[in-house]
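S.K.: Numbering (the working numbering), first residue to last: 179 to 548. For each residue, glycine too, the CB sits at the ideal point set by N, CA and C. Could you have a look at this structure, given as C-alpha cells, before my questions?
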Amino acid sequence: MIFWHVKESRMTKHVRVFALAVAGLAGCGSGGEDAGFEPIVGGDAAADAADASDGAIAWPDAAPDAPAEAGPQPSFDAGAPSPPPVTCSGKQGSSGERVISLTSGGLLRTALLHVPKGYDPAKGTMLVMNFHGFSSAGWQEALLTNMSRASDQRGFILVYPEGVVTSWNAGDCCGTAWLDAVDDLAFVEALLDRLEADYCIDPRRVYATGMSNGGFMSHRIGCALSDRFAAIAPVAGVLGVTPADCHPTRAVPIIDTHGTSDPLVPYGGGTPILPTLGQGIVFRSVAETMKFWRMNNGCSAVEAVIYQHGDATCVSYPECRDGADTVLCTIDGGGHTWPGGLPVPGLGKTSSSLDATNTMLDFFEAHPMP
Numbered sequence: 179m180i181f182w183h184v185k186e187s188r189m190t191k192h193v194r195v196f197a198l199a200v201a202g203l204a205g206c207g208s209g210g211e212d213a214g215f216e217p218i219v220g221g222d223a224a225a226d227a228a229d230a231s232d233g234a235i236a237w238p239d240a241a242p243d244a245p246a247e248a249g250p251q252p253s254f255d256a257g258a259p260s261p262p263p264v265t266c267s268g269k270q271g272s273s274g275e276r277v278i279s280l281t282s283g284g285l286l287r288t289a290l291l292h293v294p295k296g297y298d299p300a301k302g303t304m305l306v307m308n309f310h311g312f313s314s315a316g317w318q319e320a321l322l323t324n325m326s327r328a329s330d331q332r333g334f335i336l337v338y339p340e341g342v343v344t345s346w347n348a349g350d351c352c353g354t355a356w357l358d359a360v361d362d363l364a365f366v367e368a369l370l371d372r373l374e375a376d377y378c379i380d381p382r383r384v385y386a387t388g389m390s391n392g393g394f395m396s397h398r399i400g401c402a403l404s405d406r407f408a409a410i411a412p413v414a415g416v417l418g419v420t421p422a423d424c425h426p427t428r429a430v431p432i433i434d435t436h437g438t439s440d441p442l443v444p445y446g447g448g449t450p451i452l453p454t455l456g457q458g459i460v461f462r463s464v465a466e467t468m469k470f471w472r473m474n475n476g477c478s479a480v481e482a483v484i485y486q487h488g489d490a491t492c493v494s495y496p497e498c499r500d501g502a503d504t505v506l507c508t509i510d511g512g513g514h515t516w517p518g519g520l521p522v523p524g525l526g527k528t529s530s531s532l533d534a535t536n537t538m539l540d541f542f543e544a545h546p547m548p
C-alpha cells in the first residue's frame, strides 16, 4: 500500500489519499437499511470528521487541468444521428455533491454523486459511472481523473460507486468482493434504477469507465449490461471473464487505455509484477481483450492510427457493426496510471500526451445507445 497526502486550505488538516496500489484482503461489508441521500459536509467540519472516522468523506479540489503537453486529441463521429431529446417531470434531484445509500444483496452500498451546476430536472442528461481501483475509493477516483470538473464543464451527471471493502467482483479480480462473489452487477443496476428515478437521465446516454479493478468492472458491464450502458472506457484494466462468459446483446463501443509498462495489470498479460497481487492471478493481455471486443463488434482486424502524440498512440479497428467504434489508446512506457490525471507515486509514468478523461467523454458523446 502506498500513502500520499494532499494538503487542504488549512495547514493543520490533510486529506488521506490511499493510492490505487495493492492492499491486503479484508472482510466483507455489512448490510443495512436504505439511507437515501446525504449531502457531503464541507469546510473544517469535513476535515474534523475525516480525522474522527475512516468512513468520513472529503471531496478535494486538487486535480490537475488538462495535460499541458497533449496535442490535438482524438475525435470521434459514429455517424449516427443524435438521439431525440428526453424530457422529464416530477424529478426531485438537484445539483450538488452527495452520497447515495441503498441496499443490494443484503449489503449497504454507497456512491458519491456529482450533479453539475445548471442541471435541469426536466431535461434528459448524460450519466457516467466512474469505478475506482482496488484499495481506492470514489473520492480518490474523482481526484485521480479530474472528472468532476469535466462534469461541470459539459453538464453531465457523474457517479463514483463504492466497492465492497474497496474492491469489485470483476471476474479475475479483486479482493473481498471477488473472493465473496459479491453481485456487483446487481448493485450497478440498482444504483442506475435509483438515479433514473430521482434524476432526469437520458437512458440512451449512460456510460461506464474505471481505473484498474474499476476498468475490469467496466469490461464486465459491457459484457452483462449492454442493454443499459451505451459504451465503456476502461483504463488499466482488461477483460476479467472468459470470452465464453461475456455475452453482450449488441455491438458495444469501447475505448480502452493502457500503459505498456503497467506493473499491476501487464500489457502483455500474465502475472502482475508486484507479487502481493500476483498470487494465483493470471490476467489476459490487452491484445486478447481487444480481439474479443473487435470480434464482438464485427470490426476489421486492420489497425488505423487516429491519434499519435508523444508517448500516446490511439488506433481504431474500422468497419465495426452499428457504428460501435473500437479504439485502443496505448501509452508507451506508461504505468498503472490515468493519462492526463494526477500522478500516483510508485505506479509508473503518467502520460501528459493524452487527456484520457476528455478523450473518453468525447467518445461517449459520439456514441449514444443505438
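Helix, strand or coil for Ala201, going by three-state DSSP, please let me know.
M.R.: The count along the sequence shown starts at 1 and reaches residue 201 at position 23. Note that Ala201 has pLDDT 33, beneath the 50 cutoff, so the model's placement of it is unreliable and no number is given.
S.K.: Can you give the Cα-Cα distance for Thr528 and Thr344, rounded to whole angstroms?
M.R.: One-based indexing of the sequence shown puts residue 528 at position 350. One-based indexing of the sequence shown puts residue 344 at position 166. Cα-Cα distance, rounded: 23 angstroms.
S.K.: As a quick exercise: from Gly284, Lys295, Ala348, His545, pick the residue whose alpha carbon is nearest that of Phe312.
M.R.: Working through the sequence shown from its first residue, we reach residue 312 at position 134. Taking only the C-alpha atoms, the option nearest Phe312 is Ala348.
S.K.: Per DSSP, what kind of secondary structure is Pro263 in: helix, strand or coil?
M.R.: Residue numbering aside, residue 263 sits at position 85 when the sequence shown is read from its first letter. Reduced to three states, the DSSP call for Pro263 is coil.
S.K.: What is the residue span of the alpha helix (DSSP H) that Cys401 lies within?
M.R.: As a position in the sequence shown, residue 401 is number 223, starting the count at 1. Counting along the chain, the alpha helix (DSSP H) containing Cys401 begins and ends at 391–402.
S.K.: Along the chain, where does the beta strand (DSSP E) that runs through Glu275 open and close?
M.R.: Within the sequence shown, numbered from 1, the residue matching residue 275 stands at position 97. 274–282 is the extent of the beta strand (DSSP E) around Glu275.
S.K.: In whole angstroms, what separates the C-alpha of Tyr266 from that of Ala300?
M.R.: Numbered from its first residue, the sequence shown carries residue 266 at position 88. Numbered from its first residue, the sequence shown carries residue 300 at position 122. Looking at the sequence shown, residue 266 is not Tyr but Cys. Roughly 5 angstroms between the two C-alpha positions.
S.K.: Could you tell me the distance, in whole angstroms, from the CA atom of Gly446 to the CA atom of Gly400?
M.R.: Working through the sequence shown from its first residue, we reach residue 446 at position 268. Working through the sequence shown from its first residue, we reach residue 400 at position 222. Taking the straight line from one Cα to the other gives about 22 angstroms.
S.K.: Excluding five sequence neighbours on each side, which residues of the same chain lie with their C-beta closer than 8 angstroms to the C-beta of Val464?
M.R.: Position 286 of the sequence shown holds residue 464. Closer than 8 angstroms at Cβ, skipping near neighbours: Val416, Asp434, His436, Tyr445, Gly446, Gly447, Leu506, Thr508.
S.K.: Looking only at its chain, what residues have a beta carbon closer than 6 angstroms to the beta carbon of Gly341, apart from the 5 residues adjacent to it on each side?
M.R.: The residue labelled residue 341 in the question sits at position 163 within the sequence shown. Here the set comprises Ala355.
S.K.: Nearest to Leu370 by CA position, among Val360, Ala359, Tyr385, is which residue?
M.R.: Here residue 370 refers to the residue found at position 192 of the sequence shown. Leu370 has its Cα closest to that of Tyr385, out of Val360, Ala359, Tyr385.
S.K.: Pull the bridge partners of Ile379 from the DSSP assignment, please.
M.R.: For this step, residue 379 is matched to residue 201 along the sequence shown. Answer is Thr303.
S.K.: Which whole-angstrom value describes the C-beta separation of Leu305 and Ile379, a residue pair presumed to lie in contact below a C-beta threshold of 8 angstroms?
M.R.: Counting from one through the sequence shown, the residue named residue 305 turns up at place 127. Counting from one through the sequence shown, the residue named residue 379 turns up at place 201. About 5 angstroms; that satisfies the 8 angstroms criterion.
S.K.: Between which two residues does the alpha helix (DSSP H) holding Gly353 run?
M.R.: The residue labelled residue 353 in the question sits at position 175 within the sequence shown. Unbroken alpha helix (DSSP H) run through Gly353: 353–357.
S.K.: Rank Ala409, Ala320, Met473 by C-alpha distance to the C-alpha of Pro548 and give the top, closest one.
M.R.: Sequence index remark: in the sequence shown, residue 548 carries index 370 (1-based). The candidate whose alpha carbon is nearest that of Pro548 is Ala409.
S.K.: Rounded to the nearest angstrom, how far is the Cβ of His310 from that of Gly392, given a contact under 8 angstroms?
M.R.: Translated into positions along the sequence shown, residue 310 becomes position 132. Translated into positions along the sequence shown, residue 392 becomes position 214. Their Cβ separation, rounded to whole angstroms, is 5 angstroms, which keeps His310 and Gly392 in contact under 8 angstroms.
S.K.: Closest by CA to Met395, which one among Arg382, Ala414, Arg383, Asp405?
M.R.: As a position in the sequence shown, residue 395 is number 217, starting the count at 1. The shortest C-alpha separation from Met395 is found at Ala414.
S.K.: Please state the DSSP three-state secondary structure of Val366.
M.R.: Start at 1 with the first residue of the sequence shown, and residue 366 comes out as number 188. Helix, per DSSP.
S.K.: Hey, which unbroken runs of the beta strand (DSSP E) at 3 residues or more fall wholly within the region 466–520?
M.R.: Listed in chain order, the complete beta strand (DSSP E) runs (minimum 3 residues) inside the region 466–520 are 482–487, 490–494, 504–509.
S.K.: Quick check on Ala320: buried or exposed, where buried means 16 or more other Cβ atoms within 10 Å of its Cβ?
M.R.: Locating residue 320 in the sequence shown gives position 142, where the first residue counts as 1. When all chains shown are included, Ala320 counts as buried.
S.K.: Compare the C-alpha of Ile278 against each of Thr303, Gly271, Pro426, Leu291 and name the closest.
M.R.: What you label residue 278 is simply residue 100 of the sequence shown in a count that begins at 1. The shortest C-alpha separation from Ile278 is found at Leu291.
S.K.: Please go through the same chain and pick out, in chain order, the residues whose beta-carbon is closer than 8 angstroms to the beta-carbon of Phe542, but skip the five residues on each side of it.
M.R.: Taking the sequence shown and counting its residues from 1, one reaches residue 542 at position 364. Hits under 8 angstroms: Met304, Val306, Arg383, Tyr385, Ala408, Ala409, Ala411.
S.K.: Among residues of its own chain, excluding the 5 on either side of Ile335, which ones have a beta-carbon nearer than 8 angstroms to its beta-carbon?
M.R.: Along the sequence shown, one-based indexing puts residue 335 at 157. So the qualifying residues of the chain are Leu291, His292, Val293, Pro294, Tyr297, Thr303, Met304, Leu305, Val306, Ser329, Leu373, Tyr377, Ile379.
S.K.: Shortest alpha-carbon distance to Phe254 belongs to which of Pro431, Asn475, Arg406?
M.R.: Taking the first residue of the sequence shown as 1, we reach residue 254 at position 76. Among Pro431, Asn475, Arg406, the Cα nearest to that of Phe254 belongs to Pro431.
S.K.: Give every residue of the same chain whose Cβ lies closer than 6 angstroms to the Cβ of Cys170, excluding the five residues on either side of it in the sequence, and list them in chain order.
M.R.: As shown, the chain starts at 179 and ends at 548. That puts residue 170 outside it, with no answer to give.
S.K.: With 16 other CB atoms within 10 Å as the buried threshold, where does Pro263 fall?
M.R.: Along the sequence shown, read from residue 1 onward, the residue named residue 263 stands at position 85. Classification of Pro263: exposed, given that the 10 Å Cβ count is below 16.
S.K.: If you draw a straight line from the C-alpha of Val483 to the C-alpha of Ser494, how long is it?
M.R.: To locate residue 483, count along the sequence shown from 1; it is residue 305. To locate residue 494, count along the sequence shown from 1; it is residue 316. Cα to Cα, Val483 sits roughly 6 angstroms from Ser494.
S.K.: Span of the alpha helix (DSSP H) holding Gly271?
M.R.: Residue mapping note: residue 271 aligns to position 93 of the sequence shown, counting from 1. Unbroken run through Gly271: none, as it is neither H nor E.
S.K.: Considering only DSSP beta bridges, list what Val413 is partnered with.
M.R.: As a working note, residue 413 is residue 235 in the sequence shown. Partner(s): Met389, Thr435.
S.K.: Any idea what DSSP makes of Gly214, helix, strand or coil?
M.R.: If you number the sequence shown from 1, residue 214 lands on position 36. Unreliable placement is indicated for Gly214, whose pLDDT of 37 sits below 50; the coordinate value is still reported in the next sentence. Residue state, collapsed to three classes: strand.
S.K.: Which residue or residues does DSSP assign as beta-bridge partners of Ala289?
M.R.: For this step, residue 289 is matched to residue 111 along the sequence shown. Paired residues: Ile278, Pro339.
S.K.: Can you tell me which of the three DSSP states Val464 falls into?
M.R.: Locating residue 464 in the sequence shown gives position 286, where the first residue counts as 1. Looking at Val464 - three-state DSSP - the assignment turns out to be helix.
S.K.: Using CA atoms only, rank isn't needed, just tell me which of Leu322, Ala375, Met325, Trp346 is closest to Gly268.
M.R.: Counted from its first residue, the sequence shown places residue 268 at position 90. Ranking Leu322, Ala375, Met325, Trp346 by Cα distance to Gly268 puts Ala375 first.
S.K.: Name, in chain order, the residues that DSSP records as bridge partners for Val384.
M.R.: Translated into positions along the sequence shown, residue 384 becomes position 206. Leu305, per the DSSP bridge assignment.
S.K.: Relative to the C-alpha of Asn474, which candidate in Gly488, Arg499, Tyr485, Arg462 has its C-alpha closest?
M.R.: Start at 1 with the first residue of the sequence shown, and residue 474 comes out as number 296. Here the closest residue by C-alpha is Arg499.
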